[in-house]
Amino acid sequence: MINNYSFPRGASANEFTERSNFPTISYNPQRDIARCIYQLRSEFHYLEVLAMLGDVSDAFRHVPVHEDAVHMFVFAIDSYIGINLSCRFRRCGSPLFYSLAGSAINDCMNCQCRYRSRQWTCIVFTAVCGATTNLHGTEQRESTRDANNALRKVMLTVLGSTAINMKKFTPWSATNKELDLLWNTVDGTVSIPLDMMDRALAQVDSVLSARKTSKADLAKLLGVFPHVATWFPSTRAFYQRAHMAMITMSPFTKHRITDVVVEDWRWFNAVLLHNERFNQVPVSQFADLASPTVHMYMDASNVWLWVLEPQTRELLRLWYTADALIALKDPDTKFNNVTDLQNAVLAAFVWGSHWLSDDRRNSTHVRLHIGNTSAVSWASRRLSHHPTAYLYNRPLSLVELQYRITLSAERVPGRLNTMADAESRAWSETNICGGSTSLRRVHASMLERQ
Numbered sequence: 001m002i003n004n005y006s007f008p009r010g011a012s013a014n015e016f017t018e019r020s021n022f023p024t025i026s027y028n029p030q031r032d033i034a035r036c037i038y039q040l041r042s043e044f045h046y047l048e049v050l051a052m053l054g055d056v057s058d059a060f061r062h063v064p065v066h067e068d069a070v071h072m073f074v075f076a077i078d079s080y081i082g083i084n085l086s087c088r089f090r091r092c093g094s095p096l097f098y099s100l101a102g103s104a105i106n107d108c109m110n111c112q113c114r115y116r117s118r119q120w121t122c123i124v125f126t127a128v129c130g131a132t133t134n135l136h137g138t139e140q141r142e143s144t145r146d147a148n149n150a151l152r153k154v155m156l157t158v159l160g161s162t163a164i165n166m167k168k169f170t171p172w173s174a175t176n177k178e179l180d181l182l183w184n185t186v187d188g189t190v191s192i193p194l195d196m197m198d199r200a201l202a203q204v205d206s207v208l209s210a211r212k213t214s215k216a217d218l219a220k221l222l223g224v225f226p227h228v229a230t231w232f233p234s235t236r237a238f239y240q241r242a243h244m245a246m247i248t249m250s251p252f253t254k255h256r257i258t259d260v261v262v263e264d265w266r267w268f269n270a271v272l273l274h275n276e277r278f279n280q281v282p283v284s285q286f287a288d289l290a291s292p293t294v295h296m297y298m299d300a301s302n303v304w305l306w307v308l309e310p311q312t313r314e315l316l317r318l319w320y321t322a323d324a325l326i327a328l329k330d331p332d333t334k335f336n337n338v339t340d341l342q343n344a345v346l347a348a349f350v351w352g353s354h355w356l357s358d359d360r361r362n363s364t365h366v367r368l369h370i371g372n373t374s375a376v377s378w379a380s381r382r383l384s385h386h387p388t389a390y391l392y393n394r395p396l397s398l399v400e401l402q403y404r405i406t407l408s409a410e411r412v413p414g415r416l417n418t419m420a421d422a423e424s425r426a427w428s429e430t431n432i433c434g435g436s437t438s439l440r441r442v443h444a445s446m447l448e449r450q
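Quick note: full-length UniProt numbering has the sequence shown finishing at residue 450, numbered continuously throughout.
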């Protein structure tokens with residue numbers, strides 16, 4: 001039996017929970033682990049990095065709540081009254097308060113590591129699933145015994161004597177499986193297991209062949225894709241409509257899949273076939289720590305698009321046709337936002353093949369410098385309810401997949417964007433610089449910033 005603290009509606013424990021004092025947490029365990037591996041390998045490149053995985057028993061049972069907050073956690077059986085004093089699963093505040101216990105374990109371990117100057121330890125405590133990952137760089141494997149004892153002692157101190165799940169602790173190793181991912185601390189890489197990819201492909205094929213599915217089956221299928229999206233964020237552009245379809249479905253019945261959802265599944269199926277994008281990915285890339293190697297500066301006007309590539313000293317300029325201008329000036333199109341996103345698509349299609357890296361394990365990180373906030377959000381997250389932006393996000397993702405590149409976007413603050421509309425103003429009659437002189441100054445200014 002699983003307690004559901006969100007039922008019944010209007011009278012559930014979660015709805016009567018005071019949330020104003022909830023702590024704020026940032027929960028991204030996969031990238032936290034990748035970041036720790038990257039930091040250890042960078043700072044202690046001359047040492048061997050090992051990993052040990054562990055878990056706790058009855059995770060949220062070890063974090064009590066205040067007695068004034070338990071009036072909705074009382075039940076009666078015959079003549080007995082029971083009061084639940086712990087943060088159980090499915091309670092809205094459980095992960096937040098459980099993260100405090102994880103922070104306490106981290107702090108205690110770091111204090112012990114500073115006391116023992118010969119070793120350095122970093123812990124990632126995943127709040128929701130209750131797993132503890134301990135990454136440790138040492139000169140000799142024998143010193144891992146001290147780390148084992150220190151970790152268990154800290155867990156006993158913070159969570160109590162019944163908190164440790166001894167069956168879930170693994171030996172120290174350079175290769176481990178955690179959060180359904182394969183981690184290699186020697187090579188500094190992370191991979192998705194092939195069996196998970198095969199299951200995802202089989203599930204997509206079954207949905208496409210049946211053309212009918214239930215809300216529960218579709219939700220189960222979509223549950224596989226957060227791992228893929230964590231790996232290759234651009235895939236979010238290919239299942240947004242499928243996710244919206246799942247939300248609007250009525251439960252307990254089969255529904256016919258619309259053509260737009262089928263199109264999304266087909267594109268996503270094509271993405272899953274590229275195993276090399278999900279195998280032995282550097283942790284620096286996975287944790288979004290890799291520095292961009294290519295910078296693109298772009299702007300748009302009501303006449304044309306232009307993109308500047310300072311490293312190769314190249315400038316792209318595309319004139320709008322009369323029909324394109326009419327379509328873009330539709331009030332629902334949001335002209336300024338869409339044109340800035342068009343610049344990103346233009347640069348990706350023209351220069352994508354030139355960014356292809358010879359190293360099959362590393363992708364080329366391209367940073368797009370855009371002056372429009374909405375365009376930056378669309379290009380970074382690949383999520384948008386705007387139909388035109390959604391349309392352009394898809395080719396951006398396809399270029400990333402085909403040429404093994406990673407696109408990120410950054411907004412150029414208005415106070416620093418001294419070259420806004422410079423391309424258009426360069427040829428205007430009122431421009432005091434005149435001719436192409438201002439363009440050369442724009443280019444020189446960009447090179448100085450590089």
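Beta carbons: idealized from backbone N, C-alpha and C, even for Gly.
Only a predicted model underlies this, so the values are computations on that prediction, with no experimental measurement involved.
Have a look at the DSSP bridge pairing and note the partners of residue 184.
Start at 1 with the first residue of the sequence shown, and residue 184 comes out as number 184. DSSP lists 175 and 189 as partners of residue 184.
Whole angstroms are fine: how far does the CA of residue 54 sit from the CA of residue 192?
As a working mapping, residue 192 is identified with position 192 in the sequence shown. As a working mapping, residue 54 is identified with position 54 in the sequence shown. In a straight line, the C-alpha of residue 192 is about 20 Å away from that of residue 54.
If you count every other CB in all the chains shown that lies within 10 Å of the CB of residue 278, and 16 or more means buried, which is it?
By 1-based counting over the sequence shown, the position of residue 278 is 278. Looking at its Cβ environment, which holds 16 or more other Cβ atoms inside 10 Å, residue 278 is buried.
CA nearest to the CA of residue 401, picked from 42, 186, 356 and 374:
Along the sequence shown, one-based indexing puts residue 401 at 401. It is 356.
Comparing C-alpha positions only, which one of 6, 195, 343 and 327 sits nearest to residue 299?
Working through the sequence shown from its first residue, we reach residue 299 at position 299. Nearest option by C-alpha distance: 343.
For residue 390, three-class secondary structure by DSSP:
As a position in the sequence shown, residue 390 is number 390, starting the count at 1. Here residue 390 sits in helix by DSSP.
Comparing C-alpha positions only, which one of 249, 350, 276 and 171 sits nearest to residue 309?
Locating residue 309 in the sequence shown gives position 309, counting from the first residue. Closest by alpha carbon: 350.
Look at residue 38 and residue 363 and say whether their C-beta atoms are less than 8 Å apart.
Taking the sequence shown and counting its residues from 1, the one referred to as residue 38 is at position 38. Taking the sequence shown and counting its residues from 1, the one referred to as residue 363 is at position 363. Not closer than 8 Å, so no.
Any idea what DSSP makes of residue 374, helix, strand or coil?
Against the sequence shown, residue 374 aligns to sequence position 374. Here residue 374 sits in helix by DSSP.
With which residues is residue 308 paired in a DSSP beta bridge?
Within the sequence shown, the letter at position 308 stands for residue 308. 297 and 315, per the DSSP bridge assignment.
Locate the beta strand (DSSP E) running through residue 255, then write down its first and last residues.
Counted from its first residue, the sequence shown places residue 255 at position 255. Counting along the chain, the beta strand (DSSP E) containing residue 255 begins and ends at 254-256.
Considering residue 406, what are the terminal residues of the beta strand (DSSP E) in which it resides?
Walking along the sequence shown from the start, residue 406 turns up at place 406. Run containing residue 406: 405-411, per the beta strand (DSSP E) assignment.
Which whole-angstrom value is the C-beta distance of residue 215 and residue 246, which I expect to be below 8 Å?
Here residue 215 corresponds to residue number 215 of the sequence shown, with the count starting at 1. Here residue 246 corresponds to residue number 246 of the sequence shown, with the count starting at 1. Your pair residue 215 and residue 246 checks out as a contact, with CB atoms roughly 6 Å apart and the cut at 8 Å.
Coil, strand or helix - residue 13 by DSSP:
In the sequence shown, the residue the question calls residue 13 occupies position 13. The DSSP-derived three-state label of residue 13 is coil.
Contacts around residue 22, its chain only, beta-carbon distance under 7 Å, and the 5 residues preceding and following it disregarded:
Here residue 22 is taken as the residue at index 22 of the sequence shown, counted from 1. The residues are 93 and 96.
Could you tell me the distance, in whole angstroms, from the CA atom of residue 313 to the CA atom of residue 408?
Against the sequence shown, residue 313 aligns to sequence position 313. Against the sequence shown, residue 408 aligns to sequence position 408. Put simply, the backbone Cα of residue 313 is about 21 Å away from that of residue 408.
Residue range of the alpha helix (DSSP H) that residue 56 falls in?
Against the sequence shown, residue 56 aligns to sequence position 56. Run containing residue 56: none; DSSP gives neither H nor E here.
State buried or exposed for residue 259, treating a residue as buried only when at least 16 other CB atoms are found within 10 Å of its CB.
Position 259 of the sequence shown, counted from the first residue, corresponds to residue 259. Residue 259 should be labelled exposed.
If you follow the alpha helix (DSSP H) that residue 144 is part of, which residue opens it and which one closes it?
Here residue 144 refers to the residue found at position 144 when the sequence shown is read from its first residue. Per DSSP, residue 144 belongs to the alpha helix (DSSP H) from 144-159.
In whole angstroms, what separates the C-alpha of residue 19 from that of residue 100?
Here residue 19 corresponds to residue number 19 of the sequence shown, with the count starting at 1. Here residue 100 corresponds to residue number 100 of the sequence shown, with the count starting at 1. Straight-line Cα distance between these residues: approximately 16 Å.
How is residue 235 classed by DSSP in three states: helix, strand or coil?
For the purposes of this step, residue 235 is taken as the residue at position 235 of the sequence shown. Here residue 235 sits in helix by DSSP.
Could you have a look at residue 321 and say whether DSSP puts it in helix, strand or coil?
In the sequence shown, the residue the question calls residue 321 occupies position 321. The answer is coil: DSSP assigns residue 321 none of H, G, I, E or B.
Using a threshold of 8 Å, state whether the C-beta atoms of residue 174 and residue 272 are closer than that.
Working through the sequence shown from its first residue, we reach residue 174 at position 174. Working through the sequence shown from its first residue, we reach residue 272 at position 272. For residue 174 and residue 272, no; Cβs fall outside 8 Å.
Residues near residue 6 in its chain [Cβ-Cβ closer than 6 Å; skip 5 each side]
Taking the sequence shown and counting its residues from 1, the one referred to as residue 6 is at position 6. Excluding residues within five positions, the ones whose Cβ falls inside 6 Å are 12 and 14.
Can you tell me which of 147, 153, 24 and 361 puts its alpha carbon nearest to the alpha carbon of residue 172?
Along the sequence shown, read from residue 1 onward, the residue named residue 172 stands at position 172. Taking only the C-alpha atoms, the option nearest residue 172 is 147.
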